[in-house]
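Colleague: Before I ask anything, let me first share the structure, which is written out below as structure tokens.
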Amino acid sequence: MTTTDYATYIAGLPRVLAAAATVFRDGEGRVLLVEPNYRDGWALPGGTIESDDGETPRRAARRETAEEIGLDLEPGRLLAIDWVRSPVRPPIAAYLYDGGVLDDTQLKAIRLQEEELVSWKLVEREALDRYLLGSLGHRLRAALQVLDSGAGAVELEDGRPVAF
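Numbering (my numbering), first residue to last: 13 to 176.
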């Protein structure tokens, strides 16, 4: 196969979007959520993986956290990978990492990226459904179960664990 044939082959393959986010908690177990200004609902610090530039999911989670809330922290272990489908866009492979427990100094150091975010808050687990739309709520609950149990990362489809 020539270089031109290979490039044509690659150009004809299906496209998948990719995103990475981080789950941060405080000492009381509340989850840090951010409020975007470009869509309804709340989110976790995170965003698109710049894969065309060679960025990995882990590096994207760190970069997006630094950009969005001003904390440059190495993500912990992978908690979940979610294959999220939609009729209006290609599927998204969404990676979710453990950000650990933030102390008071780190919480006070949060600085929002004003171009994309309106606010942030710490939310009790029982109240997460009031803030998170679509599969994100399911994905976050699955990740919190992984944290609670000490189990390995969970594979999800549209926020729900894959049965095998």
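By construction, the Cβ of each residue, glycine as well, lies at the ideal position given by its N, Cα and C atoms.
How many angstroms separate the CA atom of ILE22 from the CA atom of ARG123?
Modeller: 40 Å
Colleague: Just the Cα atoms here: how many angstroms apart are ASP94 and GLU167?
Modeller: 6 Å
Colleague: Going by beta-carbon coordinates alone, are ARG70 and PRO48 separated by less than 8 Å?
Modeller: no
Colleague: Flag this pair as yes or no: are the beta carbons of ILE61 and ALA72 separated by less than 8 Å?
Modeller: yes
Colleague: Rounded to the nearest angstrom, what separates ARG75 and ASP84 at their Cα positions?
Modeller: 7 Å
Colleague: Helix, strand or coil for PRO173? Go by DSSP, reduced to three states.
Modeller: In the structure shown, PRO173 sits in a strand (DSSP, three-state: E or B).
Colleague: Rounded to the nearest angstrom, what separates ARG97 and GLU127 at their Cα positions?
Modeller: 27 Å
Colleague: Tell me the residue span of the beta strand (DSSP E) that contains SER131.
Modeller: 129–135 is the span of the beta strand (DSSP E), which, as asked, contains SER131.
Colleague: Expressed to the nearest angstrom, what Euclidean distance is found between the alpha-carbon atoms of ASP160 and ARG101?
Modeller: If I take the Cα positions, the gap works out to 33 Å.
Colleague: In the DSSP output, what is ARG151 paired with across the bridge?
Modeller: Answer is none; ARG151 lacks a bridge partner.
Colleague: Look at the alpha carbon of GLU138 and the alpha carbon of VAL35, and state the distance between them as a whole number of angstroms.
Modeller: 16 Å
Colleague: Below 8 Å on the Cβ atoms is my guess for VAL174 versus PRO103; work out the distance and round it to an integer in Å.
Modeller: Incorrect: roughly 14 Å between the Cβ atoms, too far for contact.
Colleague: In whole angstroms, give me the CA-to-CA distance for VAL158 and LEU152.
Modeller: 10 Å
Colleague: Quick check on this structure: which residue in LEU145, ASP52, ALA32 and GLY59 has the alpha carbon closest to the alpha carbon of ARG89?
Modeller: ALA32
Colleague: So if DSSP puts GLU62 in a beta bridge, which residue, or which two residues, is it bridged to?
Modeller: DSSP output for GLU62 lists no bridge partner at all.
Colleague: Among GLY149, LEU134 and HIS150, which residue has its Cα nearest to the Cα of GLY39?
Modeller: LEU134
Colleague: Would you mind sorting ALA92 into buried or exposed? The rule is 16 or more other CB atoms within 10 Å of its CB.
Modeller: So ALA92 ends up on the buried side.
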